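Enquirer: In this note's numbering, the protein residues as written are 10 to 153.
Backbone N, C-alpha and C fix where the C-beta goes; we use that ideal spot for every residue, glycine too.
If you're wondering where the values come from, they're calculated on a predicted model, not measured in any experiment.
The structure's right below; bear with me while I get my questions together.
This is the structure in structure tokens:
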């Protein structure tokens, strides 16, 4: 994933903001690898979430390896997956859960509404995400 050029004013502002959020998580004792962070954001409920490059089981590499073709099949290029995930978390609304208790969000993506299921660990690390079609079966309750 390409990152903004550090020579642009916007990139410097984003980088400073990212560093502040990373430092906040570190002060709270969360395990975070700053050099591997792809994106980080504060949600409307004040939680901080972040996506790291990851590996085959978690993070961006897992998302692309396991669900990249699913996103492309829904009209979302791999280069826009991170944008979609963060838009869903920051601007979308949680509507349901998948059979595996992954929260499902609805968010506007271009001219249509896209559903995306996202797993965020308790510390804010984004573990995985996959797109859902409007016809996908979801449930309105979560297992306790």
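Any idea if residue 82 is buried or exposed, counting beta-carbon neighbours within 10 angstroms, 16 or more meaning buried?
Expert: Exposed, because fewer than 16 other Cβ atoms sit within 10 Å of the Cβ of residue 82.
Enquirer: Counting C-beta neighbours from all protein chains within 10 Å, is the total for residue 17 16 or more, i.e. buried, or is it exposed?
Expert: Bear in mind that a pLDDT of 42 at residue 17, under 50, signals an unreliable position, so the model cannot answer this.
Enquirer: What distance in whole Å lies between the Cβ atoms of residue 116 and residue 128, which are believed to be in contact at a cut-off of 8 angstroms?
Expert: With 8 angstroms as the limit, residue 128 and residue 116 do not qualify as a contact, their Cβ atoms being about 16 angstroms apart.
Enquirer: May I have the straight-line CA-CA distance separating residue 57 from residue 44, to the nearest angstrom?
Expert: Each residue's Cα considered, the two are about 17 angstroms apart.
Enquirer: To which residues of the same chain is residue 46 closer than 6 angstroms at the C-beta, ignoring the five residues directly before and after it?
Expert: Result list for residue 46: 59, 61, in chain order.
Enquirer: Taking the beta carbon of residue 72 as the centre, do at least 16 other beta carbons fall within 10 Å, making it buried, or is it exposed?
Expert: By the 10 Å Cβ count, residue 72 comes out buried.
Enquirer: When you compare each of 40, 33, 32, 96 to residue 130 by their alpha carbons, which one comes out closest?
Expert: Residue 130 has its Cα closest to that of 40, out of 40, 33, 32, 96.
Enquirer: By how many angstroms is the C-alpha of residue 125 removed from the C-alpha of residue 103?
Expert: Their Cα atoms are separated by approximately 10 angstroms.
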